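Residue numbers (the UniProt record's numbering), protein chains in the order written: chain A, 1 to 154; chain B, 1 to 154.
For each residue, glycine too, the CB sits at the ideal point set by N, CA and C.
None of the values given here were measured: they were computed from a predicted structure.
Presented below is the structure to which this report refers.
2 protein chains.
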Amino acid sequence: MNATPRWLTAEQKAAWDSFIRMQEKLIGRLARHVQADSGMSAADYIVLAKLTEAGGRMRFMDLAKLVEWEKSRMSHQVGRMAKRGLVAKEECPDDGRGAFIVATPAGHKAIEDAAPVHVEHVRRLFVEALTQDELDTLARISNRVVAHLEMQPD
Amino acid sequence: MNATPRWLTAEQKAAWDSFIRMQEKLIGRLARHVQADSGMSAADYIVLAKLTEAGGRMRFMDLAKLVEWEKSRMSHQVGRMAKRGLVAKEECPDDGRGAFIVATPAGHKAIEDAAPVHVEHVRRLFVEALTQDELDTLARISNRVVAHLEMQPD
DNA sequence: CCACTCTAGTTGACACATCAACTTTCTGCC
DNA sequence: GGCAGAAAGTTGATGTGTCAACTAGAGTGG
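Have a look at this one:
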């Protein structure tokens, strides 16, 4: 209970505001590009990308852990993607509860078509905005924040 | 049409991946905190924060521009917030199409209660992970990316 | 073999975001 | 004045994310 809350300094607030603004604009723009170019959402893209990178067939939970999503989110997402024919669910013989998620041929084709275009957008909108030094610095800062997050309670 | 797409270099991809990962974890965690601490979504928070900062009464479109949202998003959001008593809509006398959005007393109280807690989370999870130098660097990098984005087509 | 607990995954309700289509009012121009 | 077009907002459809509750099979100790 502190009656006079400690606000951020001007520099801290500036950094926070700039970061938030950049992040929203950049992510939003890329999401719109993916959608427009390939008809996939950013969620479709990342799931399909990670799944095919890993061989196109994974246990549900392994996939969820790989993209760091909770199972509910993944379940809904996979359900939608299955309905659209990008992936299929298969029963798991050794574990009656389990499921394999498999990229369909259409799924493979979708990600193969989408990936180069997406990378081009990442390059154009993000990579080319910065020098390699700045990219390295940003990576270092990001990793530091993640490490810090993982040390903090909850 | 390039048959051999130019992928990112390892360093570029590392920077991109680290940034995305950090951003998702950090934003997600803060959103969950706002929700848990105050019962407001991150969207509620930002709208209410900007609105009260600006005096608690704004034209709909000015508010939308201030938070850089499209009008549809703002309309839905304001509708939900009005239903929950955080803001109210008022007719605009000089412009028959227009509307004022006003923070209700409950809205003012909600943001006043939520803001210090939220700032504390930003400090704990983000500011304290980094030195002031790193914060400055991140701000500079962010501003550079935004400037770059604003120069790019679409 | 039985009970207890854990893990895998689903489901339903609800809040949120986006897109496109729509209504109403204003403004500029003839 | 009158009309074309732009601006202010709304609306509905659809996809997405979160939470909590749920089912069902697997593992473990007695």
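Looking at C-alpha atoms only, which residue of the options is the closest neighbour of residue i?
i, options, result
"Gly56(B)", "Thr131(B), Phe100(B), Glu11(B)", "Phe100(B)"
"Lys89(B)", "Leu51(B), Val78(B), Ala129(B)", "Val78(B)"
"Leu66(B)", "Gly85(B), Ser75(B), His76(B), Ala54(B)", "Ala54(B)"
"Leu135(A)", "Ala82(B), Cys92(B), Glu68(B), Arg144(B)", "Arg144(B)"
"Arg97(B)", "Ile20(B), Ala147(B), Arg59(B), Leu8(B)", "Arg59(B)"
"Val113(A)", "Gly28(A), Met40(A), Pro93(A), Ile20(A)", "The identity of residue 113(A) in the sequence shown is Asp, whereas the question assumes Val. Out of Gly28(A), Met40(A), Pro93(A), Ile20(A), Met40(A) has the C-alpha closest to the C-alpha of Asp113(A)."
"Asp154(B)", "Thr131(A), His148(A), Leu125(A), Ile20(A)", "Leu125(A)"
"Asp95(A)", "Arg84(A), Met61(A), Ala82(A), His76(A)", "Met61(A)"
"Met81(B)", "Val47(B), Ile27(B), Gln132(B)", "Val47(B)"
"Glu68(A)", "Lys83(B), Arg21(B), Thr137(B)", "Arg21(B)"
"Asp133(A)", "Arg140(B), Ile27(B), Leu149(B)", "Arg140(B)"
"Arg6(B)", "Pro93(A), Lys83(A), Arg6(A), Val127(A)", "Val127(A)"
Which word fits residue i, buried or exposed, when buried means at least 16 other C-beta atoms lie within 10 angstroms of its C-beta?
i, result
"Met151(A)", "exposed"
"Ala15(B)", "buried"
"Asp44(B)", "buried"
"Ser72(B)", "exposed"
"Gln23(A)", "buried"
"residue 204(A)", "In the structure as shown, chain A starts at 1 and stops at 154, and residue 204(A) therefore has no counterpart that could be examined."
"Gln12(B)", "buried"
"Ala129(B)", "buried"
"Ala10(B)", "exposed"
"Ala147(A)", "exposed"
Check residue i in the structure and name its three-state DSSP category.
i, result
"Phe60(B)", "helix"
"Phe126(A)", "coil"
"Ala88(B)", "strand"
"Ala54(A)", "coil"
"Val67(A)", "coil"
"Gly107(A)", "helix"
"Arg73(A)", "helix"
"residue 202(B)", "Lying before the first or after the last residue shown, residue 202(B) is absent from chain B, which here runs from 1 to 154."
"Asp94(B)", "coil"
"Asp113(A)", "helix"
"Asp154(B)", "coil"
"Asn2(A)", "With a pLDDT of 49 at Asn2(A), under the threshold of 50, the predicted position of this residue should be treated as unreliable, though the coordinate-derived value follows. Reduced to three states, the DSSP call for Asn2(A) is coil."
"Trp7(A)", "coil"
Starting from residue i and walking both ways along the beta strand (DSSP E), at which residues does that stretch end?
i, result
"Ala147(A)", "Run containing Ala147(A): none in the beta strand (DSSP E); it sits in the alpha helix (DSSP H), 132 to 151."
"Val102(A)", "99 to 103"
If you drop the 5 nearest sequence neighbours on each side, which residues of the same chain put their C-beta closer than 8 Å to that of residue i?
i, result
"Ala49(A)", "Ile111, Ala115"
"His108(A)", "Thr52, Gly56"
"His118(A)", "Leu30, His33, Val34, Asp37, Ser38, Tyr45"
"Lys25(A)", "none"
"Val122(B)", "Leu30"
"Leu8(A)", "Trp16"
"Ser18(A)", "none"
"Gly85(B)", "Thr104, Ala106, Gly107"
"Thr137(B)", "none"
"Leu149(A)", "none"
Go through its chain and collect everything with a Cβ distance to residue i's Cβ below 6 Å, but skip five positions before and after it.
i, result
"Ala103(A)", "Leu51, Thr52, Gly56, Val87"
"Ala64(A)", "Lys71, Met74"
"Met1(B)", "Note that Met1(B) scores a pLDDT of 49, beneath 50, so its modelled location is shaky; the value from the coordinates is reported in the next line. Closer than 6 Å at Cβ, skipping near neighbours: no residue."
"Ile27(B)", "none"
"Ala42(A)", "Ala31, Val34"
Could you give the first and the last residue of the continuous alpha helix (DSSP H) run that contains residue i?
i, result
"Val34(A)", "10 to 38"
Please work out which residues of its chain come closer than 7 Å, Cβ to Cβ, to residue i, disregarding the five sequence neighbours upstream and downstream, and give them in chain order.
i, result
"Glu91(A)", "Ala99"
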